[in-house]
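In this note's numbering, each residue carries its 1-based index in the sequence shown increased by 587.
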Amino acid sequence: MWNKMGRARKPNDCSIIPDHSKLNKLLFEALTGKNQQIVWQKDMFKTIVGDECYNELITIGILLEEDILNINDKPGMAAVSVIQRTTVVRFYHKLFAEWYAANYLSKCARSIFPLWLRNKFEKTNPVDLQFVFRFACGLNKKASSRIIKYLKGMEDGQSFAILCFFEQVGEPDDVVAMVTDLCTGGVTISSTDSRLLQRSTIQILDIAAKSNIPITSVYLNKSFNECEEDVIVLHSGLRLNQLLTVEKIHIETEQVNIEPRVLTEEDVKIIPLWLRSEHLKDLS
Numbered sequence: 588m589w590n591k592m593g594r595a596r597k598p599n600d601c602s603i604i605p606d607h608s609k610l611n612k613l614l615f616e617a618l619t620g621k622n623q624q625i626v627w628q629k630d631m632f633k634t635i636v637g638d639e640c641y642n643e644l645i646t647i648g649i650l651l652e653e654d655i656l657n658i659n660d661k662p663g664m665a666a667v668s669v670i671q672r673t674t675v676v677r678f679y680h681k682l683f684a685e686w687y688a689a690n691y692l693s694k695c696a697r698s699i700f701p702l703w704l705r706n707k708f709e710k711t712n713p714v715d716l717q718f719v720f721r722f723a724c725g726l727n728k729k730a731s732s733r734i735i736k737y738l739k740g741m742e743d744g745q746s747f748a749i750l751c752f753f754e755q756v757g758e759p760d761d762v763v764a765m766v767t768d769l770c771t772g773g774v775t776i777s778s779t780d781s782r783l784l785q786r787s788t789i790q791i792l793d794i795a796a797k798s799n800i801p802i803t804s805v806y807l808n809k810s811f812n813e814c815e816e817d818v819i820v821l822h823s824g825l826r827l828n829q830l831l832t833v834e835k836i837h838i839e840t841e842q843v844n845i846e847p848r849v850l851t852e853e854d855v856k857i858i859p860l861w862l863r864s865e866h867l868k869d870l871s
């Protein structure tokens, strides 16, 4: 059974600020390894992170201890050595481990050469470490810029880059520059995207339209439901406002039986009015 150590924090503990650098690195390497590690032997973990750091994690309750029994059933073993007691530790929730790992990612992304990200995650899918990347983007402006640029350059990485965008810290000019970069090459809203991702993508498009940033193209991949007055309603129920700077829009409808759903005559009439973009070159 998992439990917290009942150690009372001493009055002078607050004057001791544990060094989390070793903890950050340990958790980053554990989560980015071939097999994510979420449980450690207590002695090994404590030796790596240090006593002060370990005691802090236990005291605030985010690190839990458990005593487990290991049974060695090899022939010839003495009875006393057959059953061994071991104490292991794990975090109360994986999010805590991801937060500390994100601190290491942020530090490396901002201070090491940009190719470090590509080399480090060559065999690891960043989407599997979604919260590590999103937390890291909220810690440092330079790190977030490099991380988002790296994600955008990945195959199918645009969507993840958009989620990370809203975690970053930066000045208004930085936001405009990043939105411009995200809208270059086109933006896709798919029916398979989560509501969070669709909402984030819509926010990017709204910022672009209000800031007069050109939107190369918008691809509604089976996410279009209907036109309602001056907005497009997606199947998710989310609404897409007028895009005054879009150059190209493509709507692919979902299949009905075997054939793609045909847009109604009203939809076909309203869509160009909804766009009202002086930059529109192609609507299909």
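Glycine residues also receive a C-beta, built at the ideal position from the N, C-alpha and C atoms.
Small disclaimer: the values here were computed from a predicted structure and weren't measured.
Asked	Found
Round the Cβ separation of valine 833 and isoleucine 800 to the nearest angstrom and send it over; I've been treating them as touching at under 8 angstroms.	About 10 angstroms; that fails the 8 angstroms criterion.
Can you find the residues in the same chain that come closer than 7 angstroms, C-beta to C-beta, to phenylalanine 683, ignoring five residues on each side of it along the sequence?	Ile649
Express the C-alpha separation of serine 732 and histidine 837 in angstroms, rounding to a whole number.	29 angstroms
Roughly how many whole angstroms lie between the Cα atoms of tyrosine 679 and leucine 784?	27 angstroms
Could you check what DSSP says for isoleucine 819 in three-state terms: helix, strand or coil?	strand
Run through the DSSP bridge pairs and tell me what glutamine 628 is partnered with.	Val675
Among Thr803, Cys695 and Asp638, which has the Cα closest to the Cα of leucine 830?	Thr803
For my contact list, glutamate 685 and leucine 618 are in at a C-beta cut-off of 8 angstroms; report their separation, rounded to the angstrom.	7 angstroms
Would you please state the rounded distance, in angstroms, between the beta carbons of isoleucine 789 and leucine 827? I believe it to be under 8 angstroms.	6 angstroms
Return the chain-ordered ranges of every beta strand (DSSP E) run that is complete within the region 764 to 843 and spans a minimum of 3 residues.	774 to 777, 805 to 808, 811 to 815, 818 to 821 and 835 to 839
Between which two residues does the alpha helix (DSSP H) carrying glutamate 685 extend?	681 to 698
Buried or exposed: valine 719, going by 16 or more other Cβ atoms within 10 Å of its Cβ?	buried
My output table needs one value for isoleucine 645: the three-state DSSP class, helix, strand or coil.	helix
What residues in its chain sit with their C-beta under 6 angstroms from that of lysine 798, if we drop five residues either side in the sequence?	Residue identity differs from the one stated: residue 798 is serine in this sequence, not lysine. So the qualifying residues of the chain are Val763.
To the nearest angstrom, how far is it from the Cα of valine 774 to the Cα of lysine 835?	10 angstroms
Going by the DSSP bridge assignment, what does isoleucine 658 pair with across the sheet?	Ile670
With the cut-off set at 8 angstroms, would you say alanine 730 and arginine 705 are in Cβ contact?	no
Measure the alpha-carbon distance for threonine 779 versus glycine 725 and round it to whole angstroms.	26 angstroms
Spatial neighbours of glutamine 755 within its chain, please: CB distance less than 6 angstroms, with the 5 preceding and 5 following residues excluded, ordered by chain position.	Cys724 and Ser731
Excluding the 5 residues flanking lysine 609 on each side, which residues of the same chain have their C-beta closer than 8 angstroms to its C-beta?	Ile635, Val636, Gly637 and Cys640
Could you pull out every residue in the same chain whose Cβ sits closer than 8 angstroms to the Cβ of cysteine 770, ignoring the five residues on either side in sequence?	Ile791, Leu792, Ala795, Ile800, Pro801, Ile802 and Thr803
For valine 626 and arginine 677, which I take to be in contact (beta-carbon distance under 8 angstroms), what is that distance rounded to the nearest angstrom?	5 angstroms
Taking DSSP's pairing of strands, which residues face aspartate 715 in a bridge?	Paired residues: none, contrary to the question.
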